[in-house]
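First up is the structure itself, then whatever we jot down about it.
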Amino acid sequence: MGSLSHALHRLTERRLARWGALALALLSLVAILAELFASDYPLLCSVDGVVYVLPAVTHPRSLTGRDNARLAEQSVERPGSVFAVYPVVRHGPTSESPARLAPPSAEHPFGTDSRGRDVFAQTIHGVRTQLGFALLTVCAYVALGAFIGATAGYFGGTIDFFTERVTDTMSAIPSFVLILCVQAALPHPNLETLFVTVVAARFAEVARLVRVEVVDVSTRDYVLAARALGASPLRVLLRHVLPNARGQAIVSATFGLGAVVLLEAQLDFLRVGDRGRFASWGQVMSDVRDRPDAYWLLLFPGLFLLATVVATNLVGEGLRDALDPRARSKRA
Amino acid sequence: MLRYTLRRALWAVPTLFGVSFVVFLLTTLFPDPATRLSLQEREALLRTPQAHFALEERRRGLFLDLPRVVNVVPRDVRVVTEECLLHLQLDDNEGPVAANTLVRLGGAALPHLMPRLDALDPEGRRRVSRALLPLAARMGLEVPDTTTDPDAALLFWRRFWDDRSTDFTAPAVRRSVARFAQKATPARQRELEILDTYALPELLAAALETNDPEVRARFTGLLAHATQRSAALPVDASAAEARRALADWRSWWFIHEPDFVEREGTARVAATLGDTRYAKWTVGAATGQLGLSTRDNEPVYAKLKERAPVTFVMTFLAMLLAFTLAVPIGAFAAWRRGRAWNRVITAALFVGYSLPTFWVAQVLFSLAKVRSYAGVAVPLVALAITSLATLSRHQRSSLLEVIHADYVRTARAKGASAMRLALVHALRNAVLPTVTLAGFQFPALLGGAFVIEEVFSIRGMGWETLRAIEAHDTAWIVATVLLSAAVTTVMLIASDVALGLLDPRVRERQLRGRPA
């Protein structure tokens, strides 16, 4: 197992993984700049001599109620009183327009959902919810799993025994069924509870992977040397064992990113969990269940979802191959 | 190999134990109906014993009245009776509820209540004996008039106990029940009606043991009379009805036993661990007493028996479909490596493996508008597609690995035909790693099946679970997780054992020690 920077270097040599990384970077950019693409308020405007910068983000009180449509009307009524730079689509993810379940048009490029919300806006803002949630969750459960797995693998004994029982237990419960049922049992399921549930349901997998690696690395000569030099167990674990055993955790985290995005969308699609607080692809797609012919509800968020999962899988596979010299020769 | 299987099965015991604990933790998430009440509501509840009783029953159904893991002071009929006496003597705001509880405990409470009656002050004695009057009515005795003489009730119960205390002993009850089982005469029936709840354990045992519908009707009638719940099972009840009624009685007894039985000695020690939320719940789940579904009051066990096969059959069929197609597809992809074809297949497999199941299902549903079992192929394909792609990719890469192995080169050098090379040397070894995946594919496919059922309105476990979510049907949710986990455990073991049977190298490793 080579060092991480070496592996990253090898990763950039892979064409497909590069495409995947590029797609993920673009999606992240979209998530950060979602307001540029779809918002109720302009990006920049001067109304009656007052200049507002990014009112889409700051929501100044003096502009309340004067959204894109109103400002556009005003500029027609009193030419010169309004100057505005509008976002690509002039609707935010939560504002409801009277056109319900409208097919794609110039006004709503991806159509609208059953409550008249713009699908484009929800899709674009959904990237933020989806990726943000997945990133946080994956970081949390990989950190937890890596910590537990490393402790178990390095110290062995009773800790190891119990960790193994816990990982066995968690791998015996289909995680989707568990997460679905926990969200169902809670009186008020939301993204926060989903976060806790996903962490609880998935950390064991990472712990198992990291444990195997740590057991392997712990017997190496350099660990023995560090111990002989009198390094404390914690130092050996943190400086020598973990850095050499983190490959698996990173690969698993990358695949996990796609899996969590998928999971969240799936729960929203089944109408279990947080409804209406955040823009989400699953919620848009769930409208299709009442109107199977409204293809735009399924198509656009679905393509974004597919793109996200494909991208994370491409990067994940690239990373796995880059970290595993055996797989490299196989592909060559 | 049997030894390995047994060892794996043994290791599954702590796993299932862990699963039960996780699911138990899940049950603690369910909201306690009592904690949602405000202080005023709680006060009002104490004034209306019936409403209080209904709420308590709901909580007891979820074992919320019990401590989680250790019960330091297990409650039994004696403890509850003493508590009620205390409340009645003090005449505090729990008085009405205590009076109601005493009547509900009925005959079973009398042996503990009567000796303690003299220890109370005169006013307390009167209150207790008056509170017990509904019990006298239930026993079919002539209820004394308390309007003229305030001590009439007390006198009545004193006289009753002087006459009957010898009947309230275990041997007497056993004899009465046995005689009633032999021949039902009105006198024998009255005898048991007066014993009231004191005879419950024997009555229940008799009702569960007998095969004679007439005797069963007699005993369930007495049970219903003493507990004031449900009705006698009619003589001409169908087998299914009888099963359901008896299961209902059994689970009722499972929850309410401490109310009618005194615990002494070892039983008391056992109760410190047995009368806890976790123990009750585990035993209940293990013996199939999963309770009633709160959505439609059907027994969960019966519903599970009806729904689960649909889901599992679908999952297994999808797995079979994925496996049978994955081997040729993977082989084809490996064979055509490096051609233009290959790129198409690789890309298709990659996208297929990233496809969200629910999305595929919904797209296919929208396209096909399949709404019945007739179109069972479409949901199956939707379910299998992700697995198929995963397995094909795996198959392809393991074939590529094998093709370059020394033994294949040797075989080629010896002049083996391409067919022989592919089938005998390469394929057999390449299929093996794919088998390992079967165990891991199962939980994923099961989760997928839940979604597919919802999209295609197939009445399986997943469909039922989503209905249960809307109705907060806790009993069903728990049963679903438990069953899925149990089946997954079996599948994981089965796939490991299958791999060992197929691959001598793995077998040797498995037999040597525990799998890493």
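Chain order of the listed sequences is B and S.
Residue numbering for the first sequence is -3 to 328, as defined by the numbering used here.
Residue numbering for the second sequence is 139 to 654, as defined by the numbering used here.
All C-beta atoms, glycine included, are put in the ideal place defined by N, C-alpha and C.
Through-space distance from residue 141 (chain S) to residue 649 (chain S), alpha-carbon basis: 8 Å
Coarse secondary structure for residue 80 (chain B), derived from DSSP in three states: Strand, per DSSP.
CB of residue 250 (chain S) within 8 Å of CB of residue 219 (chain S), strictly: Going by C-beta atoms, residue 250 (chain S) is nearer than 8 Å to residue 219 (chain S).
Presumed contact (8 Å Cβ cut-off) between residue 310 (chain B) and residue 16 (chain B), rounded CB distance: 3 Å
Residue 7 (chain B) versus residue 313 (chain B): straight-line alpha-carbon distance, rounded: 10 Å
Residue range of the unbroken alpha helix (DSSP H) whose run includes residue 291 (chain B): 291 to 319
Residue environment, residue 361 (chain S), which counts as buried when at least 16 other CB atoms sit within 10 Å: Around the beta-carbon of residue 361 (chain S), 16 or more other beta-carbon atoms lie within 10 Å, marking it buried.
Chain-ordered chain B contacts of residue 592 (chain S) [CB-CB under 7 Å]: 266
Buried or exposed (CB count within 10 angstroms, at least 16 for buried), residue 180 (chain S): exposed
Residue 502 (chain S) to residue 115 (chain B) span [Cα, whole Å]: 21 Å
Reference residue 37 (chain B), options B:54, B:315 and B:195, closest by Cα: Nearest in C-alpha terms to residue 37 (chain B), of all of B:54, B:315 and B:195, is B:54.
Candidates S:533, S:326, S:320 and S:451: closest to residue 515 (chain S) by CA position: The shortest Cα separation from residue 515 (chain S) among S:533, S:326, S:320 and S:451 belongs to S:451.
Residue 557 (chain S) burial status per 10 Å Cβ neighbour count (16 or more: buried): exposed
Start-end ranges of the alpha helix (DSSP H) lying completely within the region 286 to 353 of chain S, minimum 4 residues: 290 to 302, 308 to 320, 324 to 333 and 338 to 347
Beta carbon proximity, residue 555 (chain S) to chain B, threshold 8 Å: Residue 555 (chain S) does not count as touching chain B.
Burial state of residue 325 (chain B), where buried means 16 or more other Cβ atoms lie within 10 Å: Model confidence at residue 325 (chain B) stands at a pLDDT of 44, short of 50, so the residue's coordinates are unreliable; what they give is reported in the following sentence. Under this definition residue 325 (chain B) is an exposed residue.
Three-state secondary structure (DSSP) of residue 218 (chain B): helix
Nearest to residue 468 (chain S) (by Cα), restricted to the options S:455, S:488, S:453 and S:456: S:488
is_contact[residue 206 (chain B), chain S] using C-beta, thresh 8 Å: no
Three CB pairs or more closer than 8 Å across the region 201 to 218 of chain S and the region 396 to 412 of chain S: Contact holds between the region 201 to 218 of chain S and the region 396 to 412 of chain S, because three or more Cβ pairs, one in each stretch, are under 8 Å apart.
Start-to-end residues for the beta strand (DSSP E) that takes in residue 40 (chain B): 40 to 43
Test: residue 332 (chain S) CB closer than 8 Å to a CB of chain B: no
Interface residues of chain B facing residue 607 (chain S) [CB-CB closer than 7 Å]: 180 and 268
Residue 271 (chain B) at chain S interface by Cβ criterion, 8 Å: no
Distance, residue 484 (chain S) Cα to residue 11 (chain B) Cα: Whole-angstrom Cα-Cα distance: 14 Å.
Contacts that residue 171 (chain B) makes with chain S (C-beta to C-beta distance below 8 Å): Simply 581 and 585.
Per DSSP, the bridge partner or partners of residue 114 (chain B): Under DSSP, the beta-bridge partners assigned to residue 114 (chain B) are B:108.
Neighbour list for residue 160 (chain S) in chain B, Cβ cutoff strictly below 8 Å: In chain order: 165, 166, 169 and 174.
Three-pair Cβ contact test at 8 Å for the region 285 to 293 of chain S versus the region 258 to 273 of chain S: yes
Residue 183 (chain S) versus residue 331 (chain S): straight-line alpha-carbon distance, rounded: For residue 183 (chain S) and residue 331 (chain S), the distance between alpha carbons rounds to 31 Å.
Residue 615 (chain S), buried or exposed, once every other Cβ within 10 Å from all chains shown has been counted against 16: buried
Reduced DSSP category for residue 355 (chain S) - H, G, I as helix; E, B as strand; rest coil: helix
Partners in chain B for residue 202 (chain S), counting only beta-carbon separations shorter than 7 Å: Those within 7 Å of residue 202 (chain S) in chain B number zero; the least Cβ separation is about 14 Å.
Cβ separation of residue 245 (chain B) and residue 142 (chain B), assumed to be a contact under 8 Å, to the nearest whole Å: 5 Å
Among S:561, S:586, S:567 and S:573, the one whose alpha carbon lies nearest that of residue 632 (chain S): S:573
Residue 601 (chain S) burial status per 10 Å Cβ neighbour count (16 or more: buried): buried
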